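Peer 1: To convert, note that position 290 of the sequence shown is 311 in my numbering; the numbers rise steadily by one, no gaps.
Backbone N, C-alpha and C fix where the C-beta goes; we use that ideal spot for every residue, glycine too.
On a predicted model such as this, the values are computed, not experimentally measured, just so you know.
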Amino acid sequence: MSIAEVRPPKSIRLNFKTRQRLYGYLFILPTVLFFLVFIAFPFFRALSISLTEWAGYDEPRYVGLQNFQNLLKDRVFWISLKNTFAFTVGTTVLQTVIPLLVAVLINTGWRGSVFFRTVLFLPVVISFVVSASLWRMIYDANFGILNGLLIAIGLESLTRPWLANPETVMPAIIAVSLWQSLGFYMLIFFAGLQNIPQELYESASLDGANAWQKLVHVTVPMLWPVTTVVIVINIIGGVKVFDVIYVMTTGGPNHASEVLGTYLYVTAFGATGGGSPSMGYASAIGVVILALAMIGTIVQFRLTRERTNVY
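Take a look at the structure:
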């Protein structure tokens, strides 16, 4: 005689599945709440404010797309947009290539490489505000260490008012950004290098490849996913840069280092020339910053997908 299979009632099975779904929803609830409160709500709030004329303390007046139309005619906005692009390109290139080369050098395991890696990482733990204040003193035209060092070694002709010269102010700030972040990106590349199979380098050596050929044909392709992360971080950081530039130059001289972040700040709070706050106009600039960051990230991901398919 066969024994009939005993199954729990259908209602119990459904309740168990429902409880499983409920547990899943509970696990993702904190993330969803964080996204809604700290990302989605501020974005839509800024978008709504960008459609108004509002000083921050009076009643907002709806003006539609007037703020965005005014941006197209704003000379300082276009200057800050150009400077933001220059800063983003400069930092992205330098803070990708140089950390990669340094990571490859440290990965060879030469004596003192661990100490060198530690020293390079030290600036990362310093806040950008402190770093900017330190380098502002170093770049000082009269009492700065940089000009003093150039004079001491007989290169007085190279001394400059680094932060007061429109031609040198942006390269000087980019150098500070590189100094601050070199150790961070170097560690990212160094971690990626540990995941490259040594058999690939051994095979390349058997084929007669030199160090440069190994770097170009083995290391760089294998590190492409890591490189993508570094590039995206640099693009987002470059587009929204504010603190280091505001502390060092407040956007000067004559807007030569003005970027979208600093222009947004002085517009929102009327920090220059006793100007009145303009939250609506500043929010429009913020929307532009977000759009640029999204465009840069999407383009980079598309390029990454095509590059991954090639390899």
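Measure the CB-CB distance between Ser297 and Ala67 and report whether it falls below 8 Å.
Peer 2: On the sequence shown, position 276 is the one that residue 297 refers to. On the sequence shown, position 46 is the one that residue 67 refers to. The answer is no: Cβ separation not under 8 Å.
Peer 1: Quick one: grab the DSSP three-state call for Glu188.
Peer 2: Stepping through the sequence shown from its first residue, residue 188 is reached at position 167. It is coil, neither helix nor strand.
Peer 1: Could you tell me how far apart the beta carbons of Ile306 and Leu281 are, in whole angstroms, since I believe they sit closer than 8 Å?
Peer 2: Counting from 1 along the sequence shown, the entry for residue 306 is found at position 285. Counting from 1 along the sequence shown, the entry for residue 281 is found at position 260. Their Cβ separation, rounded to whole angstroms, is 6 Å, which keeps Ile306 and Leu281 in contact under 8 Å.
Peer 1: Would you say the segment 266-283 touches the segment 69-84, given that touching needs at least three Cβ pairs under 8 Å?
Peer 2: no
Peer 1: What did DSSP end up calling Ala289 once you bin it into helix, strand or coil?
Peer 2: Start at 1 with the first residue of the sequence shown, and residue 289 comes out as number 268. Of the three classes helix, strand and coil, the one that applies to Ala289 here is helix, per DSSP.
Peer 1: Out of curiosity, what's the CA-to-CA distance linking Pro182 and Met191?
Peer 2: Taking the first residue of the sequence shown as 1, we reach residue 182 at position 161. Taking the first residue of the sequence shown as 1, we reach residue 191 at position 170. Roughly 12 Å between the two C-alpha positions.
Peer 1: At what residue ranges does the segment 136-214 contain a whole run of the alpha helix (DSSP H), taking only runs of 4 or more?
Peer 2: Restricting attention to alpha helix (DSSP H) runs no shorter than 4 residues, the segment 136-214 encloses them at 149-159, 166-173 and 190-214, ordered along the chain.
Peer 1: Under the DSSP definition of a beta bridge, which residues are partnered with Thr73?
Peer 2: Taking the first residue of the sequence shown as position 1, residue 73 is located at position 52. In DSSP, Thr73 forms a bridge with Tyr83.
Peer 1: I'd like the list of long-range same chain contacts for Val145, defined as Cβ closer than 6 Å, with 5 residues on each side in sequence excluded.
Peer 2: The residue given as residue 145 occupies position 124 in the sequence shown. Closer than 6 Å at the Cβ level, and outside the excluded window around Val145, lie Gly204 and Phe205.
Peer 1: Short of 6 Å in beta carbon distance, which residues of its chain neighbour Leu115, apart from the five on each side in sequence? Order them along the chain.
Peer 2: What you label residue 115 is simply residue 94 of the sequence shown in a count that begins at 1. Once the five neighbours on either side are set aside, the close Cβ partners of Leu115 are Leu199.
Peer 1: Which residues in the same chain as Gly213 place their Cβ atom closer than 6 Å to its Cβ, once the five residues preceding and following it in sequence are excluded?
Peer 2: What you label residue 213 is simply residue 192 of the sequence shown in a count that begins at 1. Here the set comprises Leu244 and Val247.
Peer 1: Which residue marks the beginning of the alpha helix (DSSP H) containing Thr117, and which one marks its end?
Peer 2: The count along the sequence shown starts at 1 and reaches residue 117 at position 96. Taken as a continuous stretch (DSSP letters only), the alpha helix (DSSP H) holding Thr117 covers Arg96 to Asn128.
Peer 1: Taking DSSP as the reference, what is the three-state secondary structure of Ala61?
Peer 2: Residue mapping note: residue 61 aligns to position 40 of the sequence shown, counting from 1. Three-state DSSP puts Ala61 in a helix.
Peer 1: For Met22, is the classification buried or exposed, using 16 other Cβ atoms within 10 angstroms of its Cβ as the cut-off for buried?
Peer 2: Counting from one through the sequence shown, the residue named residue 22 turns up at place 1. Confidence at Met22 is low in this model, with a pLDDT of 46, below 50, so its placement is unreliable and no value can be given for it.
Peer 1: Using the three-state DSSP reduction, which class does His238 fall into: helix, strand or coil?
Peer 2: To locate residue 238, count along the sequence shown from 1; it is residue 217. DSSP places His238 in helix when its eight states are reduced to three.
Peer 1: Are there 16 or more other CB atoms within 10 angstroms of the CB of Gly175, so buried, or fewer, so exposed?
Peer 2: Reading the sequence shown from its first residue, position 154 is the one you call residue 175. Answer is exposed; the Cβ neighbour count stays below 16.
Peer 1: Specify, as a first and last residue, the run of the alpha helix (DSSP H) that Ile252 falls within.
Peer 2: Position 231 of the sequence shown, counting from 1, holds the residue named residue 252. Run containing Ile252: Trp245 to Val260, per the alpha helix (DSSP H) assignment.
Peer 1: Could you check what DSSP says for Thr52 in three-state terms: helix, strand or coil?
Peer 2: Numbered from its first residue, the sequence shown carries residue 52 at position 31. Correct three-state label for Thr52: helix.
Peer 1: Select from Asn104, Phe210, Ala230 and Val239 the residue whose C-alpha is nearest the C-alpha of Pro218.
Peer 2: Your numbering for residue 218 matches position 197 in the sequence shown. Here the closest residue by C-alpha is Val239.
Peer 1: Look up Arg66 in the DSSP assignment and say whether it is helix, strand or coil.
Peer 2: As a working mapping, residue 66 is identified with position 45 in the sequence shown. If DSSP states are grouped into helix, strand and coil, Arg66 belongs with the helices.
Peer 1: If contacts are defined as beta-carbon pairs under 8 Å, then Ala225 and Gln215 qualify, I think. What distance do you get, rounded to the angstrom?
Peer 2: Residue 225 sits at position 204 when you count from the first residue of the sequence shown. Residue 215 sits at position 194 when you count from the first residue of the sequence shown. About 18 Å separates the two Cβ atoms, so there is no contact after all.
Peer 1: Between which two residues does the alpha helix (DSSP H) containing Ala277 stretch?
Peer 2: The residue you call residue 277 lines up with position 256 of the sequence shown. That residue, Ala277, is in no alpha helix (DSSP H); it is neither H nor E in DSSP.
Peer 1: Just reading off the alpha helix (DSSP H) that Ser226 is part of, what are its end residues?
Peer 2: Taking the sequence shown and counting its residues from 1, the one referred to as residue 226 is at position 205. That run of the alpha helix (DSSP H) goes Gln219 to Leu227.
Peer 1: With contact counted as at least three CB pairs below 8 Å, one residue from each stretch, are the segment 306-323 and the segment 121-140 in contact?
Peer 2: no
Peer 1: Give me the Cβ distance between Leu171 and Glu177, rounded to the nearest whole Å; I'm assuming they're in contact under 8 Å.
Peer 2: Here residue 171 is taken as the residue at index 150 of the sequence shown, counted from 1. Here residue 177 is taken as the residue at index 156 of the sequence shown, counted from 1. Going by Cβ atoms, the distance from Leu171 to Glu177 rounds to 6 Å, so yes, they are a contact pair.
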